[in-house]
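Take a look at the structure set out below.
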Amino acid sequence: MKSNESALELRGLTKRFDRLAVDALDLTVRTGEFYALVGPNGAGKTTTLRMVAGLLQPDAGTVSVFGIDALTDSIAAKQVMAWVSDEPMIYDKLTPLEYLEFVAGLWGIDPRVAEPAAHELLVSLGLQAHLHERCEGFSKGMRQKVALAGALVHAPRLIILDEPLTGLDAVSARHVKGLLNDRVRAGCTVIMTTHILEVAERMADRIGVIAAGRLVAEGTLAELRQQNGQHDTSLEDLFIALVDVAAAA
Amino acid sequence: MSSARAWFAQHELRLAWREWLAVMTAGRRGRRRAALIGLVVFAAIMHLPAYAVIGRFANLQLPPDISSLIIVAAIIFLAWTLMLSQAIESVTRAFYARADLDLIMSSPARLADVFSIRIGAIALSVTVMSLLFSTPFIDVLVIGGGFRWFAAYGVIITIGLSAAAVAVAVTILLFRIIGPRRTRLAAQIIAAIIGAGFVIALQIAAILSYGTLSRFAVLTSEAATAFAPGLDSIFWWPARAALGDKQPLAVLLAGGLVLLGGVMAMLSPRFADTARRASANAAPDRQRARATAFRSRSRQQALRRKEFVLLRRDPWLMSQSLMQLLYLVPPAVMLWRSFADSALAIVVVTPVIVMAAGQLAGGLAWLTISGEDAAELMATAPLTASRMIRAKIEVVLIAIGAIFAPFVIALLFASSVQAAVTALFVILATVSATAIQLWFRVQARRSQFRRRQTSSRLATVAEAFSSIGWAATAALALAVPSAAIMTGVTSLAILAATWRISPRRQ
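Same order as they appear, the protein sequences are chains E and F. Everything in the first sequence is counted per numbering that gives the first Met the number 0, starting at 0 for the first residue and increasing by one. Everything in the second sequence is counted per numbering that gives the first Met the number 0, starting at 0 for the first residue and increasing by one.
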């Protein structure tokens with residue numbers, strides 16, 4: 000389902016806090032691609048994705064989502080995007096179904112489409128027994144699943160996830176990974192940051208390695224190995240080698 | 000072991016001091032000097048209302064007559080109920096909100112000792128707070144009536160000790176009766192009712208008996224004198240102690256210490272058990288909601304519905320709002336009485352309603368505008384910020400309208416002019432409080448509602464002054480319309496000044 004049309008194009012994206020967090024970053028993600036962004040702590044992964052999602056204003060650069068300029072026409076860009084952070088932010092006093100109804104309402108989705116989609120999503124994430132319980136008693140994993148269901152209920156074309164597997168048990172993580180793979184197969188584009196390199200290795204079509212706010216390497220796992228002349232090495236060894244080189248530079 | 004106790008006591012006092020400092024400085028280190036100066040200025044200014052309220056009692060002649068004793072005893076009881084309310088809050092926080100319970104309970108320290116010290120620290124902080132608040136009042140009495148009034152400090156210490164002891168006992172009793180999950184909300188509601196209950200009960204009694212909102216009308220009435228115990232009764236010991244009688248003062252202080260010591264000895268082991276159960280039940284009940292089909296709504300309607308559902312299901316808000324709504328009970332009683340005799344005193348109802356509307360609107364506006372639990376969801380939704388804010392403001396206006404419309408409709412039966420004036424100033428107070436919250440909005444979780452005053456002291460003060468200003472303007476508009484222009488302009492000036500210094504403008 001991958002095409003040459005770009006789902007996301009970042010050009011010269013820059014953000015400075017007390018130091019340079021993202022340094023004139025150029026990045027292209029193709030439609031239907033599963034793209035993993037990896038890098039050490041403080042490398043600028045989350046800052047980059049937060050700028051794409053409209054949560055942070057860049058100091059310089061452009062963000063284009065399916066050809067829409069996300070900085071000048073943010074509403075149109077947001078309509079086709081979904082954001083899931085590592086810290087699920089949902090409403091304790093709403094049930095999962097009420098939460099999904101609210102999200103669908105915010106995105107202006109027809110309830111005749113949203114209601115069955117919400118049920119299907121929650122059931123596929125193993126929450127069928129909790130559809131009408133308020134989220135306040137949920138574990139972190141359950142909350143993360145509700146947040147993910149909320150992100151998917153409006154059928155986004157681009158899904159941005161920041162460490163979505165943090166705090167999930169093995170079964171829940173498998174549910175989430177399965178759901179994301181299904182979406183990619185259906186033509187969705189997924190961009191995900193993760194510290195679990197095995198996940199990036201197994202799920203991603205392409206991997207971007209970011210260090211000190213710059214993209215230091217990009218490609219399929221095979222391409223990354225080839226670029227570094229290490230044909231039988233794991234992503235973990237590659238990652239450490241790339242980050243060490245970036246730090247030395 | 001005793002050094003461990005001393006170390007833990009020092010730790011508790013340091014936490015209490017830093018918590019207090021954070022409240023005073025809104026968590027900013029550089030503000031300590033400004034906070035200290037502000038506190039001194041505030042304490043100095045507080046001498047004026049203190050003089051207005053109790054200045055006339057400074058020269059009470061000894062031996063006091065029964066009416067004087069009733070008034071002094073009532074003031075002491077009022078202070079005690081307020082401190083009890085505060086102490087229940089502190090104890091509930093010690094059970095639920097302190098992040099160190101897991102650490103303490105997993106340590107090899109004897110839990111009964113640790114919790115004895117914690118109860119002692121609560122008693123100390125409540126007592127110090129009582130002393131701070133009462134200092135302007137006692138100063139006024141000492142300046143006007145002599146050094147004998149210094150004994151009132153002893154009574155205040157007794158109030159702090161006994162309020163803390165009773166608060167611990169009440170909270171543990173609640174745990175036993177209704178369980179840890181419901182205790183938090185129940186304790187908050189009880190604290191709210193106790194805090195406001197005594198004053199409101201006196202007001203209702205005054206209205207029913209004398210058609211006035213004055214609390215002193217009941218206390219100085221012949222009926223109160225007739226029902227009061229004799230002059231020799233121990234019932235008057237707190238009042239006598241405050242007036243400088245050494246023997247009752249010594250007994251009260253000893254009684255306060257014994258009560259607190261008894262609670263520490265008897266309930267500390269249970270306090271540990273209770274804390275363990277509270278921690279084990281930290282996750283609330285999984286409450287179920289009725290299943291309803293998804294409905295077709297506009298984006299704004301979806302936002303408004305979400306806000307209404309969250310407001311309805313928020314126990315913190317319920318207890319905080321209850322406090323404000325309780326103050327509406329006396330004017331409601333007055334309204335009900337006034338249908339019969341159209342007393343002139345009914346004018347007093349308008350400022351009370353306006354004030355309550357302003358305060359409640361401020362709380363609701365903070366919850367809807369600043370207290371957003373899914374801030375990132377909202378920020379990534381395809382909706383402009385202005386449309387989101389508009390929907391949230393609509394929720395505040397609709398909620399205030401629903402709560403206060405019955406009062407305005409009831410006023411229509413007494414006076415259509417007063418109803419119109421009340422409606423107008425309820426709207427002005429609501430809009431002003433909402434605007435202030437909008438100008439000073441921060442991103443916070445709804446559970447931080449209790450701390451909203453610390454995030455911006457300026458917004459809190461501006462909100463209070465604006466509500467008071469509109470309440471005064473409403474009262475004057477009914478009584479002396481020409482004077483209302485002055486207070487109305489002052490209220491607008493407060494709003495303009497608040498806007499000029501607000502972060503939204505800068």
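C-beta atoms are modelled at their ideal positions from N, C-alpha and C, and glycine is treated no differently.
Best match in the options for proximity to residue i [C-alpha to C-alpha]
i        : options                                : result
Gln85/F  : Glu393/F, Ala166/F, Arg312/F           : Ala166/F
Ser497/F : Val460/F, Val441/F, Leu77/F            : Rather than Ser, the amino acid found at residue 497/F in this sequence is Thr. Selected option, being the one with the closest Cα: Val460/F.
Val37/E  : Val175/E, Ser123/E, Leu105/E, Glu162/E : Glu162/E
Ala75/E  : Ala59/E, Gly107/E, Pro115/E, Ala216/E  : Gly107/E
Val395/F : Leu242/F, Arg311/F, Ala108/F, Leu376/F : Arg311/F
Thr520/F : Glu221/F, Ser465/F, Ile500/F, Ser501/F : Examination of residue 520/F is not possible in this model, given that chain F is present from 0 through 505 alone.
Ala108/F : Arg4/F, Phe448/F, Ala432/F, Ala373/F   : Arg4/F
Asp64/F  : Ala43/F, Ile36/F, Trp235/F             : Trp235/F
Lys245/F : Val154/F, Val113/F, Ile189/F, Ala190/F : Val154/F
Leu230/F : Ala378/F, Ser115/F, Ser66/F            : Ser66/F
Ala148/E : Phe33/E, Glu114/E, Asp168/E, Ala169/E  : Glu114/E
Leu151/E : Ala172/E, Ala103/E, Leu223/E           : Ala103/E
Val349/F : Ile408/F, Gly254/F, Ala409/F, Gln417/F : First, the residue type needs correcting, since residue 349/F is Thr and not Val in the sequence shown. Of the candidates Ile408/F, Gly254/F, Ala409/F, Gln417/F, the one whose C-alpha sits nearest the C-alpha of Thr349/F is Gln417/F.
Arg205/E : Lys176/E, Thr188/E, Thr232/E, Arg182/E : Thr188/E
Asp17/E  : Gly41/E, Ser5/E, Leu96/E               : Gly41/E
Arg507/F : Ala373/F, Ala432/F, Ala378/F           : There is no way to answer for residue 507/F, as the model of chain F reaches only from 0 to 505.
Ala15/F  : Arg183/F, Ala186/F, Ala482/F, Arg117/F : Arg117/F
Ile399/F : Leu259/F, Ile388/F, Leu59/F, Ala432/F  : Ala432/F
Limits of the beta strand (DSSP E) - the one that residue i falls within
i        : result
Thr13/E  : 5-15
Thr188/E : 188-192
Glu217/E : 213-218
Arg29/E  : 19-29
Ile484/F : It is not in any beta strand (DSSP E) - Ile484/F instead sits in the alpha helix (DSSP H) that spans 480-500.
Beta-carbon proximity of residue i to residue j, cut-off 9 Å
i        : j        : result
Ala150/F : Leu248/F : yes
Ile75/F  : Ile158/F : yes
Glu462/F : Thr367/F : no
Val21/E  : Thr61/E  : no
Arg92/F  : Pro110/E : no
Ala360/F : Ala428/F : yes
Val145/E : Leu179/E : no
Leu160/F : Thr126/F : yes
His131/E : Ala290/F : yes
Asp85/E  : Lys14/E  : no
Leu234/E : Leu220/E : yes
Arg133/E : Thr94/E  : yes
Phe439/F : Pro480/F : no
Val169/F : Ile87/F  : yes
Leu9/E   : Glu217/E : no
Leu7/E   : Leu157/E : yes
Ile190/E : Leu164/E : no
Limits of the alpha helix (DSSP H) - the one that residue i falls within
i        : result
Ala434/F : 415-438
Arg49/E  : 44-52
Val152/E : Counting along the chain, Val152/E falls outside any alpha helix (DSSP H), and DSSP gives it neither H nor E.
Tyr50/F  : 31-53
Trp236/F : 236-241
Asp112/F : 110-144
Tyr98/E  : 95-105
Gly207/E : First-last for Gly207/E: 205-210, but that is the beta strand (DSSP E), not the alpha helix (DSSP H).
Arg111/E : 110-123
Thr224/F : 221-226
Met354/F : 348-364
Strand pairing of residue i, partner residues [DSSP]
i        : result
Gly370/F : Ala443/F
Thr61/E  : Arg10/E
Trp82/E  : Ile159/E
Phe33/E  : Val189/E
Ile67/E  : Val64/E
Next item on the list: Give a yes or no on contact between the stretch 126-138 of chain F and the stretch 174-194 of chain F, applying the rule of three or more CB pairs nearer than 8 Å.
Entry: no
Checklist line | Three or more C-beta pairs below 8 Å linking the stretch 258-269 of chain F and the stretch 102-109 of chain F | finding: no
Check: Per the contact definition of three or more C-beta pairs closer than 8 Å, is the stretch 407-425 of chain F in contact with the stretch 467-476 of chain F?
Finding: yes
Margin query: Count Cβ pairs between the stretch 373-382 of chain F and the stretch 404-421 of chain F that sit closer than 8 Å; are there 3 or more?
Written below: no
Check: Are there three or more Cβ pairs, one per stretch, closer than 8 Å when the stretch 87-97 of chain E is compared with the stretch 15-35 of chain E?
Finding: no
Check: Along the stretch 287-309 of chain F, what residues have a CB closer than 9 Å to any CB found in chain B?
Finding: Among the protein chains of the structure shown, namely E and F, there is no chain B.
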